[in-house]
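K.L.:
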Amino acid sequence: MREKKSIRIKGANANNLKNVDVHIPYHQLVVVTGVSGSGKSSLTMDTLYAEGQRRYVESLSSYARQFLMRMKKPEVDQISGLCPAIAIEQRVGNKNARSTVGTLTEVYDYLRVLFARVGHTFSPISGQEVKKQSVTDVIDFLHQLENGQKVLLLAPVLLQGRSLEQSLDLLLQKGYTRLQWEGKTRKIQELLEAELPKTEAVPYLLIDRFVINKDDAENNKRIADSVDSAFQEGLGRCFIDCLDGQLHSFSTRFELDGQSFEEPSPQLFNFNSSLGACPACEGYGKALGIDEEKVIPNKQKSIFEDAVACWRGDKASRWLKKLLKVADKFDFPVHRPYRELNAQQLKDLWEGNKHFAGINGFFEDLESHSYKIQNRVMLARYRGKTVCPACNGTRLRPEALYIKINGYHIGELVQMPIDQLVKVLDALELSPQEAEIADRLLEEIKSRLNIMLEVGLSYLSLDRLSASLSGGEIQRIHLTRTLGSNLTSSLYVLDEPSIGLHPRDTDRLIKVLRKLRDLGNTVVVVEHEEDIIAQADYLIDVGPFAGVHGGEIVFAGPYPEIHSTAADSLTAKYMSGRMSIPLPDNRRKPHSFIRLEGAAEHNLKNIDVNFPLHSFSVVTGVSGSGKTTLVKGILYPALLRALGEDSKKKPGAFKALTGDYEQIGQIEMVNQSPIGRSSRSNPVTYVKAYDAIRKLFAKQHTAKMQNFKPKHFSFNVEAGRCESCKGEGETVVSMQFLADVRLICEDCNGQRFQKEVLAVKYNDKSIYDVLEMTVEEALLFFEDQKDIVRKLQPLADVGLGYIRLGQSSSTLSGGEAQRVKLAAFLGKDEGRTPHILFIFDEPTTGLHFHDIKKLLDAFNALVEAGHSVIVIEHNMEVIKSADYIIDLGLEGGKNGGQLLFQGSPEEMLKIKGSYTADFLRTKLKEVMKS
């Protein structure tokens, strides 16, 4: 029975928290919930984790501690019982092009050690295993010969910078007397006294000669001593001549087939090291070369249908004609779509054969005539970042790929989906000695991979770039690494780990969180997912509302007690069914569509999908089923191209874009990327309200006396900002091996502006005071300034009334950033706005049930204003409220990419074999009951 202790927080006042006291019990799964902006992050991140981090710095060196007094102490009276704290936040992926899923989870580090310890090197020439031989190996070979067999033991004569005469003289001094040269035994003394033969044949030093007698122990000992001497004289090489005309070679070097090989070591498999990185691409896996995507822009076409774009010109078409003419000689299917060609057919097409030079031959021909400007233009047109041809995208030098375990090199393993990799590792066949060496390594690898399976990441591969992962995927990757480290007695703070997770996988995530708890840790999760809330050991509900109306502990205790103790909390009302998001009174029946035919990028299975216009549509499916590929990878760039807009991203593979897309005047991708590239970007500037506020301050009497213009009230302009911090409000101190520490600027005290600018007041508030206001406070403060209110109101309409006007965009979650973008569109003058197609990527991130209701109202407002909305989403509240659903599946990765359903939610209830349909059926029943 665990002792019931807890972390005790007393008098927390960070941001909107109102002198909060709360206990967090040890060794439990604690869920912190509440409406967006109620103070959950202030309690968990800004108070609990921040104090844990501060205490950690306090324990470090004097260099680190000198900044401790300048570090902002959490606004809390006291925190007791605090254990070491680790935060797993929701953030976008590492932009480092070398960072992968394998390196983030540390699985790749263990794989490197595994291959270094039990990997076998195979020669690319003969395919035989490369081994270092020893005296014992030579003795074993000799023991295979018959007794009475005469044998010569030889070593190569190595000149090592000396002449042959000097080398022979040195050998004579060492006591050796004979050579084996051109098949004859010759005395060294006689060779030195006569003229040396003029021949290119290699002379061998005769170390010993003996007759095989396996039973003679003395003879065997003598042979062993002689073999050792032979290896020394031959610098690791010796030969056995059985007088049958054939020399048997032995080497203590790591070589075979006349080639030396690198001995396996962990660094040889490290693409971040010069020892392991492919020299052609320097370990990035990409190189500048002929881009397959540009050469074959539509993989649905066959070679006969002009799939090869570079062969479409008058002169270049002769290459196509040549291929069509000789295709029957090597059974090449000219009418088969490019994407259906097998590996050998692709090799014939690109690399050529004795009948045909191939696409590579075409470009080599252009290179050889690059003095012609048209050839240089043609080469430039088809060049791009492509898979490195030297390492085939594995990032490693060739020597690393010669090392295999059960026929797989490390590059093949990291390119497999996680679920397939687990099966391969489970089926490894190792010798007893290898199994003993690999046991602990495989245990660490498999435990991390199994956690990834449990949190719904089975479709990822270890070589997937971390920059391409969503915020939810990144957080679950960090969760994998954390669980793999097996830390105990620690505090883990997680920020919405369910982001990007289909309801099908929520149970798996709960099991993982419980496993983290069962290791002896205290797990605090900020979460809105109802299944996770219901499984909490201890629930803390912050509210009752957002911003100034929140910041209180509505409930703290075991989850079941919330219904009796805090029955009036919004969380309790929604969890009990007393409040719910209603179904729409009427679903819009779409009459016009955009039709995407033959979508086949990544795992999509050549599907035809209809996207309705003037409707609210949801694209859903389990993680990895192909939603993002379909919408962001194909539809979005294809529409941009069709409407004549410049798209930097090329659409993925598809056959055709048809339908009524010409009705669209503009396309807006509203994703979870930050609303600005720097800390200076904030909500009030993004919705264009700051211009009006600055003009208002410039009209004040004090501003006119100082001759201040609107620019003086901007922290981006030298005229008004604090020059010590350049308007940042804080300075950054490099901590060398630690993360940088951000400290409040001592000159402006974090207020960002010069004193003269701060002296200008409107209704007794400075520009700094205004930027510190929440949207709700600002709407009341500026109620008589209609232009400012009109631009700020959409922020409140999308549930962001609690955010501060000057809040740095870098502190906004992905979901908040998305809603700021939505508010900017809602605030535009509809009379001048064309028909816009909005694409949203998981906009419910960070939203409580009550906020989702507001978000749905905003979506419907866009559609009623004549626009179209497409949402990528897993949240069942959003799915049930849609006019139209597109469901992909059934699974993720290679088992996904199929179109399971497209139509209305009611029609979807009739289909079987869809996880989404099963959850939707349950959700609609709950709504009907309530």
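Under the numbering used here, think of the first position of the sequence shown as 325, with each following residue one higher. Don't be surprised by glycine CBs; every beta carbon is placed ideally from N, CA and C.
1) Once DSSP output is grouped into helix, strand and coil, what is the label at Thr-523?
2) I'd like the list of long-range same chain contacts for Pro-1081, defined as Cβ closer than 6 Å, with 5 residues on each side in sequence excluded.
3) Can you say whether Pro-661 is buried or exposed, counting buried as having 16 or more other CB atoms within 10 angstroms of its CB?
4) Where do the N-terminal and C-terminal ends of the alpha helix (DSSP H) with Ile-729 fall, by residue?
5) If you scan the segment 1091 to 1135 from start to end, which runs of the alpha helix (DSSP H) of 4 or more residues do you find wholly inside it?
6) Can you check DSSP and say which residues form a bridge with Asp-829?
7) Going by beta carbon distance, what residues of the same chain come within less than 7 Å of Ala-1182, once the five residues before and after it are set aside?
8) For Ser-888, is the classification buried or exposed, using 16 other Cβ atoms within 10 angstroms of its Cβ as the cut-off for buried?
9) Comparing alpha-carbon positions, which option in Gln-669, Glu-664, Lys-645 and Arg-663 lies nearest Phe-656?
10) List the residues that DSSP assigns as beta-bridge partners of Asn-934.
11) Whose CA, out of Leu-803, Asn-684, Phe-563 and Leu-647, lies closest to the CA of Gly-613?
12) Where DSSP assigns a beta bridge to His-679, which residues make up the other side?
13) Hey, Ala-966 and Glu-925: beta-carbon distance below 8 Å or not?
14) Going by DSSP in three states, Met-993 sits in which element: helix, strand or coil?
15) Among residues of its own chain, excluding the 5 on either side of Asn-666, which ones have a beta-carbon nearer than 6 Å to its beta-carbon?
16) Can you grab the Cα-Cα spacing for the pair Val-442 / Val-746, in whole Å?
17) Tell me whether the beta-carbon of Gly-1221 lies closer than 8 Å to the beta-carbon of Ser-949.
18) State the Cα-Cα distance for the pair Arg-912 and His-1191, rounded to the nearest angstrom.
19) Hey, how far is the Cα of Ser-974 from the Cα of Leu-786?
20) My assumption, with CB atoms under 8 Å, is that Ile-1210 sits in contact with Met-1232. Please give the rounded CB distance.
21) According to DSSP, is Gly-1237 part of a helix, a strand, or is it coil?
22) From the DSSP output, in three-state form, read off Ile-823 for me.
23) Less than 8 Å between the CB atoms is what I'm expecting for Leu-1116 and Leu-1103, so what's the real figure, rounded?
24) If you run the structure through DSSP and keep just helix, strand and coil, what is Ser-893?
25) Pull the bridge partners of Gly-874 from the DSSP assignment, please.
26) Residues bridged to Ser-904 by DSSP?
27) Could you give the first and the last residue of the continuous beta strand (DSSP E) run that contains His-1159?
28) Just to confirm the assignment, what range does the alpha helix (DSSP H) spanning Ile-333 have?
29) Can you tell me which residues form a DSSP beta bridge with Thr-429?
30) Starting from Ser-1205, trace the alpha helix (DSSP H) in both directions and tell me its first and last residue.
31) Pick out whichever of Gly-363, Leu-341 and His-347 has its Cα sitting closest to the Cα of Glu-851.
32) Ignore the nearest five residues each way along the sequence and tell me which others in Asp-865's own chain have a CB closer than 7 Å to its CB.
33) Tell me the residue span of the alpha helix (DSSP H) that contains Ser-365.
34) Just to confirm the assignment, what range does the beta strand (DSSP E) spanning Ala-479 have?
35) Out of Ser-813, Thr-371, Gln-583 and Asp-932, which one is the CA nearest neighbour of Ile-300?
36) Taking the Cβ atom as the reference point for each residue, do Val-346 and Ile-333 lie within a distance shorter than 8 Å?
P.N.:
Looking at the coordinates:
1) Position 199 of the sequence shown, counted from the first residue, corresponds to residue 523. Residue state, collapsed to three classes: coil.
2) In the sequence shown, residue 1081 corresponds to position 757, counting from 1. For the sequence presented, residue 1081 should be read as Val rather than Pro. Hits under 6 Å: His-1036 and Gly-1044.
3) Taking the sequence shown and counting its residues from 1, the one referred to as residue 661 is at position 337. With 16 or more other Cβ atoms within 10 Å, it is buried.
4) By one-based count along the sequence shown, residue 729 stands at place 405. According to the DSSP assignment, Ile-729 belongs to no alpha helix (DSSP H) but to the beta strand (DSSP E) extending over 727 to 729.
5) 1091 to 1095, 1099 to 1105 and 1110 to 1121, all fully within the segment 1091 to 1135.
6) Indexing the sequence shown from 1 puts residue 829 at position 505. Paired residue(s): none; Asp-829 is not in a bridge.
7) Taking the first residue of the sequence shown as 1, we reach residue 1182 at position 858. The beta carbon of Ala-1182 lies closer than 7 Å to those of Asp-1121, Val-1122, Leu-1146 and Leu-1150 in the same chain, with the five residues before and after it left out.
8) Counted from its first residue, the sequence shown places residue 888 at position 564. Residue burial annotation: Ser-888 is exposed, with fewer than 16 other C-beta atoms found within 10 angstroms of its C-beta.
9) Here residue 656 refers to the residue found at position 332 of the sequence shown. Looking at the Cα atoms, Gln-669 is the closest of the given residues.
10) The residue you call residue 934 lines up with position 610 of the sequence shown. DSSP lists Arg-919 as the beta-bridge partner residues of Asn-934.
11) Counted from its first residue, the sequence shown places residue 613 at position 289. Considering only alpha carbons, the answer is Asn-684.
12) Indexing the sequence shown from 1 puts residue 679 at position 355. Under the DSSP definition of a beta bridge, His-679 lacks any partner.
13) Here residue 966 is taken as the residue at index 642 of the sequence shown, counted from 1. Here residue 925 is taken as the residue at index 601 of the sequence shown, counted from 1. With respect to the 8 Å criterion, Ala-966 and Glu-925 are not classified as neighbours on the basis of their beta carbons.
14) Locating residue 993 in the sequence shown gives position 669, counting from the first residue. Strand, per DSSP.
15) Start at 1 with the first residue of the sequence shown, and residue 666 comes out as number 342. The beta carbon of Asn-666 sits closer than 6 Å to no other beta carbon from its chain once the five residues preceding and following it are set aside.
16) As a position in the sequence shown, residue 442 is number 118, starting the count at 1. As a position in the sequence shown, residue 746 is number 422, starting the count at 1. Pairing Val-442 with Val-746, the inter-Cα distance amounts to about 18 Å.
17) As a working mapping, residue 1221 is identified with position 897 in the sequence shown. As a working mapping, residue 949 is identified with position 625 in the sequence shown. In contact: Gly-1221 and Ser-949 (Cβ atoms closer than 8 Å).
18) Taking the first residue of the sequence shown as 1, we reach residue 912 at position 588. Taking the first residue of the sequence shown as 1, we reach residue 1191 at position 867. Our two residues, Arg-912 and His-1191, have alpha carbons roughly 13 Å apart in a direct line.
19) Residue mapping note: residue 974 aligns to position 650 of the sequence shown, counting from 1. Residue mapping note: residue 786 aligns to position 462 of the sequence shown, counting from 1. According to the sequence shown, residue 974 is Lys rather than Ser. For Lys-974 and Leu-786, the distance between alpha carbons rounds to 25 Å.
20) The residue you call residue 1210 lines up with position 886 of the sequence shown. The residue you call residue 1232 lines up with position 908 of the sequence shown. Contact flag wrong, Cβ pair sits at about 10 Å.
21) For the purposes of this step, residue 1237 is taken as residue 913 along the sequence shown, with counting starting at 1. Here Gly-1237 sits in coil by DSSP.
22) Here residue 823 refers to the residue found at position 499 when the sequence shown is read from its first residue. In the structure shown, Ile-823 sits in coil (DSSP, three-state: anything other than H, G, I, E or B).
23) For the purposes of this step, residue 1116 is taken as residue 792 along the sequence shown, with counting starting at 1. For the purposes of this step, residue 1103 is taken as residue 779 along the sequence shown, with counting starting at 1. Their Cβ separation, rounded to whole angstroms, is 6 Å, which keeps Leu-1116 and Leu-1103 in contact under 8 Å.
24) Working through the sequence shown from its first residue, we reach residue 893 at position 569. In the three-state DSSP reduction, Ser-893 falls in the coil class, being neither helix nor strand.
25) Along the sequence shown, one-based indexing puts residue 874 at 550. Bridge partners of Gly-874: none, in fact.
26) Position 580 of the sequence shown, counted from the first residue, corresponds to residue 904. Answer is none; Ser-904 lacks a bridge partner.
27) For this step, residue 1159 is matched to residue 835 along the sequence shown. First-last for His-1159: undefined, no H or E at that position.
28) Your numbering for residue 333 matches position 9 in the sequence shown. Careful: Ile-333 lies outside any alpha helix (DSSP H), inside the beta strand (DSSP E) at 330 to 336.
29) Position 105 of the sequence shown, counting from 1, holds the residue named residue 429. Answer is none; Thr-429 lacks a bridge partner.
30) The sequence position of residue 1205 within the sequence shown is 881, counting from 1. That run of the alpha helix (DSSP H) goes 1200 to 1205.
31) As a first step, residue 851 must be located in the sequence shown, where it is residue number 527. That would be Gly-363, whose Cα lies nearest to the Cα of Glu-851.
32) Locating residue 865 in the sequence shown gives position 541, where the first residue counts as 1. The beta carbon of Asp-865 sits closer than 7 Å to those of Thr-357, Gly-358, Val-878, Phe-879, Ile-886, Ala-890, Ser-893 and Thr-895, all from its chain and outside the five residues before and after it, given in chain order.
33) To locate residue 365, count along the sequence shown from 1; it is residue 41. 364 to 367 is the span of the alpha helix (DSSP H), which, as asked, contains Ser-365.
34) Looking up residue 479 in the sequence shown gives position 155. Counting along the chain, the beta strand (DSSP E) containing Ala-479 begins and ends at 474 to 480.
35) With the chain covering only 325 through 1254, there is no way to say anything about residue 300.
36) For the purposes of this step, residue 346 is taken as the residue at position 22 of the sequence shown. For the purposes of this step, residue 333 is taken as the residue at position 9 of the sequence shown. Against a cut-off of 8 Å, the Cβ pair of Ile-333 and Val-346 comes out as a contact.
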